[in-house]
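Novice: This is the structure, below, for whatever I ask next.
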Amino acid sequence: MREIYLDKNENPFNIPDAIKEKFIDYVKNADFNRYPEKGLPSLIEGLGRFTGLGPERIIASNGSDELLDILIKRAGGDIVISSPTFEMYSFYATNYGHSAIDVPLNDDFSLNAQEIIKHRDAKLVVICSPNNPTGNLIGMDSIKTVLESGVTTVLDNAYYEFSGEDYTDLIKKYDNLIILRTFSKAFSLAGMRVGYGMANRDLMAGLKKLQAPFYMNILSAKLAEIMIENYHLIEEKINYIVGERKRVYGELDGIAYNSDTNFLMLKKDLYDYLAGKGIHIRKLPLVKDRSRITIGTAEENNMLISAVREYMKE
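Position 54, counted from 1, in the sequence shown is what my numbering calls 54; the numbers after and before it change by one each time, with no gaps.
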């Protein structure tokens, strides 16, 4: 039985061969005996071109998780989250002795912004948009309501490329906003651990002081640069995945929630059933009777659709 893995929201495609070749050329001549250049100016400049922001507003990191860790530790107090959402927020809060105050999403998975801003003593609000595991975008008005309360707000934008919703203009208006993104999903670099953050100059300057001087290896940094330079190749795979997401959502006939990401949350817990078919998906222990599937290749998705249809007939 063939095993397929649709459980970690990974990109089903490896990096394009043309990018691999450029990266291998770099590796052949790389100075492995030298530390990375402090601050990774070349990568930061590339991210500046990609995002349209100045380098003083950008920080790179070992996955966006590194920045989450720093920000939640730096907060120095309780944070506000909105479940169901990414479990690492509460994980980091607990690690540093903080409470993760939960203001659950509304029944339609929208943000209860008015309830969030009542927690005036909280040091940090974390909003995931598009949200994991529900897959939906959080409404812009709700995000602005939280920002206008003045609380420092982290907007986890890990699935940005699949949604098309760009929040970077908010940075120019709100000094209390940090946006986090990752190369793990759309860019197929989950194994290289590259992320980045965006914020206003003062907030970013303070954040960079908390980061170790040589925080990313030269291979991850260089591959991220090459990926940015060849984004048109990445876009082809993004468009493929978005097309497959729409197809799978339609084929599953009401058993899935709509999504702006590279995954779908199912209205049933199919973890055990699909595992028996060799299809590994994400169990959601904190969300009763729900599970999550990553969008794979057309072949993998067809196997999933067939298995779910068999389940529905039983």
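Using N, Cα and C, we set each Cβ at its ideal position, and we do this for glycine too.
Using 10 angstroms around the beta-carbon of residue 98, count the other beta-carbons present and answer buried if the total reaches 16, otherwise exposed.
Specialist: So residue 98 ends up on the buried side.
Novice: Is it buried or exposed for residue 161, if we count other Cβ within 10 angstroms and need 16 for buried?
Specialist: buried
Novice: To which residues does DSSP link residue 102 through a beta bridge?
Specialist: DSSP lists 81 as partners of residue 102.
Novice: For residue 60 and residue 43, what's the separation of their Cα atoms in angstroms?
Specialist: 8 Å
Novice: Closest Cβ-Cβ distance between residue 117 and chain C: below 8 Å?
Specialist: Reference to chain C is not applicable here, since this structure consists of a single protein chain.
Novice: If you follow the beta strand (DSSP E) that residue 292 is in, where does it begin and where does it stop?
Specialist: 291-294
Novice: Residue 265 by DSSP, collapsed to three states: which one?
Specialist: strand
Novice: On the DSSP letters alone, give me the boundaries of the alpha helix (DSSP H) that residue 146 sits inside.
Specialist: Where residue 146 is concerned, the enclosing alpha helix (DSSP H) stretches over 140-148.
Novice: So within the stretch 111-191, which uninterrupted beta strand (DSSP E) runs reach at least 3 residues, ignoring any that extend past its ends?
Specialist: Runs of beta strand (DSSP E) with 3 or more residues, each lying fully within the stretch 111-191, are found at 124-128, 153-156 and 177-182, listed in chain order.
Novice: Less than 8 Å between the beta carbons of residue 103 and residue 115, yes or no?
Specialist: yes
Novice: DSSP three-state label for residue 215, please.
Specialist: Reduced to three states, the DSSP call for residue 215 is coil.
Novice: Looking at C-alpha atoms only, which residue of 295, 258 and 226 is the closest neighbour of residue 108?
Specialist: 258
Novice: Taking one C-beta from the stretch 20-29 and one from the stretch 171-180 each time, how about it: are there three or more such pairs within less than 8 Å?
Specialist: no
Novice: Taking the C-alpha atoms as reference points, what is the distance between residue 125 and residue 199?
Specialist: 15 Å
Novice: Rounded to the nearest angstrom, what separates residue 271 and residue 7 at their Cα positions?
Specialist: 10 Å
Novice: Can you tell me which residues form a DSSP beta bridge with residue 282?
Specialist: 292
Novice: Considering just the uninterrupted stretch of the beta strand (DSSP E) at residue 59, what are its terminal residues?
Specialist: Its beta strand (DSSP E) spans residues 58-61.
Novice: Around the Cβ of residue 188, are there at least 16 other Cβ atoms within 10 angstroms (buried) or fewer (exposed)?
Specialist: buried
Novice: With a threshold of 8 Å on Cβ separation, who are the neighbours of residue 101 within its own chain once the five nearest residues in sequence on each side are excluded?
Specialist: Same-chain partners within the cutoff: 78, 79, 80, 81, 119 and 122.
Novice: Name the two residues that bound the continuous alpha helix (DSSP H) containing residue 231.
Specialist: 231-251
Novice: Taking only runs of the beta strand (DSSP E) that begin and end inside the stretch 13-78, which ones reach a length of at least 3 residues, in chain order?
Specialist: 58-61
Novice: Quick check on DSSP: helix, strand or coil for residue 197?
Specialist: strand
Novice: Taking just the CA atoms, how far does residue 85 sit from residue 307?
Specialist: 27 Å
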